[in-house]
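Residue numbers (the numbering used here): 1147 to 1433. Cβ coordinates follow ideal geometry from the N, Cα and C atoms, glycine included. Note that the structure is a prediction, hence the values are computed from the model and not measured. Reading through the structure tokens given below for one structure.
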């Protein structure tokens, strides 16, 4: 079916209007700039995953493929003018499995994670990510561990298998114990699955704190500019000799130390949002 001449004229006018409108929105509307940046961020990751899949597929599902994903993602911070500063990387145990626990603010956590990710370390992620197109397949090939948080029994079973994998295959895992993204510039209560995992495997916990993004990113305000993020690796917390009964106190102690550092290094000067007004010790006991 051929388009009549007037239709071509209309399409040309729409194209020219789009060329004019997009730069106008970019420079005049911070909200539009926010949506453009987030759309490109997610789209670019999906595109990079497409490139990574055939390279990772040579090994099959293997934690060593995480090095490929890390290499392909490291440049994104430069595209957005985000400077990531890492301190305390010497605290990573040199030659043993361990569990990394980190605060979780947004999808931008990926930038800090890739900056400091140790060797043979893979995240534990929600199962929904497995179906996120090319990104899900790339993560699966890189050995990312998926759990169904809605089915506690399955999650516990997966954690038990992970404990064995830590010891038999010299793997480290990265867990976000808050369980969900927290956009309020604070730190939510910790779920205890990561701490049960570390105690079951009798391996250290390595806390990692990423400073607040409030000075350059805010989902509520639709604001996304350039800025600085500090990633602080804290000394490992041993779990030898601890039992499941010790997990609640262990989780509270680690969270308190992370929250203290979060307030110290956050660049917005406020140390978080309204949640920090809640009493310490308010937490969740779910996996």
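Does the region 1273–1292 touch the region 1343–1358, meaning 3 or more C-beta pairs lie closer than 8 Å? These segments do not touch.
Comparing C-alpha positions only, which one of 1327, 1273, 1258, 1326 sits nearest to residue 1233? For this step, residue 1233 is matched to residue 87 along the chain shown. Minimum Cα distance to residue 1233 is reached at 1258.
Give the single residue among 1193, 1190, 1249 whose Cα lies nearest to the Cα of residue 1330. Taking the first residue of the chain shown as position 1, residue 1330 is located at position 184. Among 1193, 1190, 1249, the Cα nearest to that of residue 1330 belongs to 1249.
Could you check whether residue 1385 and residue 1360 sit closer than 7 Å to each other, using their CB atoms as the reference points? Taking the chain shown and counting its residues from 1, the one referred to as residue 1360 is at position 214. Taking the chain shown and counting its residues from 1, the one referred to as residue 1385 is at position 239. No, the pair does not count as a contact, with Cβ atoms beyond the cut-off.
Taking contact to mean at least 3 C-beta pairs separated by less than 8 Å, is the region 1374–1381 in contact with the region 1313–1330? No contact exists between the region 1374–1381 and the region 1313–1330.
Say the cut is 6 Å; is the CB of residue 1314 nearer than that to a heavy atom of the ligand COA? Looking for the ligand COA in the displayed structure turns up nothing, as the structure carries no ligands at all.
Please name the residue in 1180, 1322, 1339 whose C-alpha comes closest to that of residue 1304. Residue mapping note: residue 1304 aligns to position 158 of the chain shown, counting from 1. Per the Cα distances, 1339.
How far does the alpha helix (DSSP H) with residue 1346 in it reach, from first residue to last? The residue given as residue 1346 occupies position 200 in the chain shown. Start and end: 1339–1347.
Residue 1342: buried (16+ other C-beta within 10 angstroms of its C-beta) or exposed? Locating residue 1342 in the chain shown gives position 196, counting from the first residue. With 16 or more Cβ atoms within 10 Å of its Cβ, residue 1342 is classed as buried.
Give the range of the alpha helix (DSSP H) segment to which residue 1286 is assigned. As a working note, residue 1286 is residue 140 in the chain shown. It spans 1279–1287 - the alpha helix (DSSP H) in which residue 1286 sits, taken as one unbroken run.
Inspect the beta-carbon positions of residue 1245 and residue 1345 and report whether they are closer than 7 Å. Counted from its first residue, the chain shown places residue 1245 at position 99. Counted from its first residue, the chain shown places residue 1345 at position 199. With respect to the 7 Å criterion, residue 1245 and residue 1345 are not classified as neighbours on the basis of their beta carbons.
Residue interval of the beta strand (DSSP E) (run including residue 1189): The residue labelled residue 1189 in the question sits at position 43 within the chain shown. No beta strand (DSSP E) contains residue 1189, which is instead part of the alpha helix (DSSP H) from 1176–1203.
Of the residues 1391, 1284, 1411, the one placed nearest residue 1201, counting alpha carbons only: To locate residue 1201, count along the chain shown from 1; it is residue 55. Of the candidates 1391, 1284, 1411, the residue whose Cα lies closest to the Cα of residue 1201 is 1284.
For residue 1356, report the span of its alpha helix (DSSP H) as first-last. Locating residue 1356 in the chain shown gives position 210, where the first residue counts as 1. Boundaries for residue 1356: no alpha helix (DSSP H) harbours it, while the beta strand (DSSP E) harbouring it runs 1351–1356, taken from the DSSP string.
DSSP bridge partner residues for residue 1374 (one or two, in chain order): Locating residue 1374 in the chain shown gives position 228, counting from the first residue. Among the bridge pairs identified by DSSP, residue 1374 is matched with 1229.
Between the CA atoms of residue 1336 and residue 1189 - distance to the nearest angstrom: Reading the chain shown from its first residue, position 43 is the one you call residue 1189. Reading the chain shown from its first residue, position 190 is the one you call residue 1336. Approximately 31 Å, taken between the alpha carbons.
Can you tell me whether residue 1397 is buried or exposed? The criterion is at least 16 other CB atoms within 10 Å of its CB, across all chains shown. Translated into positions along the chain shown, residue 1397 becomes position 251. Answer is buried; the Cβ neighbour count reaches 16.
So is residue 1310 in contact with chain D if we call contact Cβ pairs under 7 Å? In summary, chain D is missing from the structure at hand, where a single protein chain is found.
Please state whether the Cβ-Cβ distance between residue 1220 and residue 1184 is less than 7 Å. Position 74 of the chain shown holds residue 1220. Position 38 of the chain shown holds residue 1184. Judged by their CB atoms, residue 1220 and residue 1184 are not nearer to each other than the 7 Å cut-off.
Beta-carbon proximity of residue 1288 to residue 1212, cut-off 7 Å: The residue labelled residue 1288 in the question sits at position 142 within the chain shown. The residue labelled residue 1212 in the question sits at position 66 within the chain shown. A contact, by the Cβ cut-off of 7 Å.
Should residue 1243 go down as buried or exposed, given a rule of 16 or more other Cβ atoms within 10 Å for buried? Translated into the one-based positions of the chain shown, residue 1243 becomes position 97. In the assembly as shown, residue 1243 is a buried residue. Its beta-carbon has 16 or more other beta-carbons within 10 Å.
With 16 other CB atoms within 10 Å as the buried threshold, where does residue 1239 fall? Locating residue 1239 in the chain shown gives position 93, counting from the first residue. So residue 1239 counts as exposed.
May I ask which residues mark the beginning and end of the beta strand (DSSP E) holding residue 1271? Position 125 of the chain shown, counted from the start, is the residue given in the question as residue 1271. For residue 1271, the enclosing beta strand (DSSP E) stretches over residues 1267–1272.
Residue environment, residue 1147, which counts as buried when at least 16 other CB atoms sit within 10 Å: As a working note, residue 1147 is residue 1 in the chain shown. Any answer about residue 1147 is weak, because its pLDDT of 45 lies below 50 and its placement is not dependable; what the coordinates show is given next. Counting of Cβ neighbours within 10 angstroms places residue 1147 among the exposed residues, the total staying below 16.
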